[in-house]
Amino acid sequence: MKVYALVGKSGTGKSHRAMKVAFEKDIDYIIDDGLLIEGTKKIAGSSAKRENTKIAAVKRALFFNDNHREEVVKVLKKNFDKTILIIGTSIKMVENITETLELTKIDEFVFIEDISSKEEIEKALSERGDHGKHVIPLPAMEIKSDFSGYFLDTFKTVLRRKDNRIKIGEKSVVRPTYSYIGNFVIFNRTIIQIIEGASFETNGIVKIIKSKIRKVENGIFIESDVVSEYGYNVLEVAERLQNTIKSRVEYMSNINVTAVNIVVRHVKTNVTKN
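Set out below in structure tokens:
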């Protein structure tokens, strides 16, 4: 496997530039802060940016955790004929990652100062220092389960090579847990109100009897007991409500909904929703 490394100090815009470097050099994979990325897909790993402390984030980025490391190594061993770009803050860091992931030596180093202007680096440092913003070279849909409850911004960028080939890339901006001051809290009652609102939008549902919300590893699990209206296909109505609840809760709270269970407890005739 041919190995490239993109090196630059923290906050200088490496993740922002990684997609362009990969496109220009026909690189298949990117290793960025614990994630293994191929194109616009997260293939393996988990992001250091979701860790609660900077120390934990560094350990995640360096693949200290055995399960995390083995997950990524397993994929790379199956695809040894591909190329990879490793992002790090120093030569030592990218060399450590290369060794940990059982890769060959680094074939080519790319330094952020060689691909970004002084003004671009200063702007990136300002965004990091003033606002705590971090770029992840993936669309929000790919990382929403990793960043459940976080506010993610996405933006598209046009990548152009010297041979005039063009590619549209999509990236996400997130503030990691360790950069927050205080916490943003959404109470269960708020989620339940969103669920009740979703029921009013769903023809064939009379009312929500009760809803249970359980926090799980990558978001929340929802179970709602409902009363359906006679004359509607119960399975179709339940599926529509599932989809509506999931989309409304995720849109209004930024919390990833891993599953929605709908339990139809009663079927009533001649009723009207309040």
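Residues 1 to 274, numbered by full-length UniProt numbering, are exactly what the sequence shown covers, in order. Glycine included, every Cβ here is placed at the ideal spot set by N, Cα and C.
Exercise for review: Could you have a look at I201 and say whether DSSP puts it in helix, strand or coil?
Suggested key: Translated into the one-based positions of the sequence shown, residue 201 becomes position 201. Rather than Ile, the amino acid found at residue 201 in this sequence is Glu. E201: coil per DSSP, three-state reduction.
Review point. How many angstroms separate the CA atom of D163 from the CA atom of Q242?
Key: Within the sequence shown, numbered from 1, the residue matching residue 163 stands at position 163. Within the sequence shown, numbered from 1, the residue matching residue 242 stands at position 242. One C-alpha to the other measures close to 48 Å.
Review point. What residue range is occupied by the uninterrupted beta strand (DSSP E) comprising S228?
Key: Translated into positions along the sequence shown, residue 228 becomes position 228. Looking at the DSSP string, the run of the beta strand (DSSP E) that includes S228 is G219 to E229.
Practice item. Identify whether N243 lies in helix, strand or coil by the three-state DSSP scheme. Key: Along the sequence shown, read from residue 1 onward, the residue named residue 243 stands at position 243. Note: N243 maps to helix in three-state DSSP.
**Study point:** Where F23 sits in the DSSP three-state scheme
**Key:** On the sequence shown, position 23 is the one that residue 23 refers to. Assignment of F23 by DSSP, reduced to helix, strand and coil, places it in the helix class.
**Study point:** Candidates V75, K9, D114 and T40, of which the one nearest M93 by Cα
**Key:** Reading the sequence shown from its first residue, position 93 is the one you call residue 93. Cα-wise, what sits closest to M93 is K9.
Point to revise | Cβ separation of residue 279 and T258, assumed to be a contact under 8 Å, to the nearest whole Å | key: Since the first residue of the chain shown is 1 and the last is 274, residue 279 is not available in this structure.
Point to revise | Backbone secondary structure at E70 - three-state DSSP | key: Here the question's residue 70 lines up with position 70 in the sequence shown. It is helical.
Practice item. Within 10 angstroms of the Cβ of F63, are there 16 or more other Cβ atoms? Answer buried if so, exposed if not. Key: Taking the first residue of the sequence shown as 1, we reach residue 63 at position 63. Under a 10 Å Cβ-count criterion, F63 is classified as buried, with 16 or more other Cβ atoms of the shown protein chains found around its own Cβ.
Point to revise | Three-pair Cβ contact test at 8 Å for the stretch 89 to 103 versus the stretch 16 to 24 | key: By the C-beta criterion, the stretch 89 to 103 is judged not to be in contact with the stretch 16 to 24, since fewer than 3 inter-stretch pairs fall below 8 Å.
**Study point:** Local conformation of D28 per DSSP, three classes
**Key:** Taking the first residue of the sequence shown as 1, we reach residue 28 at position 28. The answer is coil: DSSP assigns D28 none of H, G, I, E or B.
Review point. Between the Cα of I87 and the Cα atoms of F111, F80 and N65, which residue gives the shortest distance?
Key: Counting from one through the sequence shown, the residue named residue 87 turns up at place 87. Closest option to I87, Cα to Cα, is F111.
Check your understanding: Since G219 contacts I255 with CB under 8 Å, what's their CB separation in whole angstroms?
Key -> Against the sequence shown, residue 219 aligns to sequence position 219. Against the sequence shown, residue 255 aligns to sequence position 255. That belief holds up - the Cβ atoms of G219 and I255 are roughly 6 Å apart, short of 8 Å.
Point to revise | Start-to-end residues for the alpha helix (DSSP H) that takes in E113 | key: On the sequence shown, residue 113 is found 113 positions in, with the first residue counted as 1. Here the alpha helix (DSSP H) through E113 covers I112 to I115.
Exercise for review: Specify the secondary structure class of S47 as computed by DSSP and reduced to three states.
Suggested key: Here residue 47 refers to the residue found at position 47 when the sequence shown is read from its first residue. In the structure shown, S47 sits in coil (DSSP, three-state: anything other than H, G, I, E or B).
Exercise for review: On the DSSP bridge assignment, give the partners of K212 in chain order.
Suggested key: The sequence position of residue 212 within the sequence shown is 212, counting from 1. Paired residue(s): E223.
Exercise for review: Kindly indicate which three-state DSSP category E108 falls into: helix, strand or coil?
Suggested key: Here residue 108 refers to the residue found at position 108 of the sequence shown. Reduced to three states, the DSSP call for E108 is strand.
Review point. Where does K207 fall in DSSP's three states?
Key: Counting from one through the sequence shown, the residue named residue 207 turns up at place 207. Three-state result, K207: strand.
Practice item. Output yes or no for whether 9 Å exceeds the beta carbon distance between F109 and V7. Key: What you label residue 109 is simply residue 109 of the sequence shown in a count that begins at 1. What you label residue 7 is simply residue 7 of the sequence shown in a count that begins at 1. Yes. Within cutoff.
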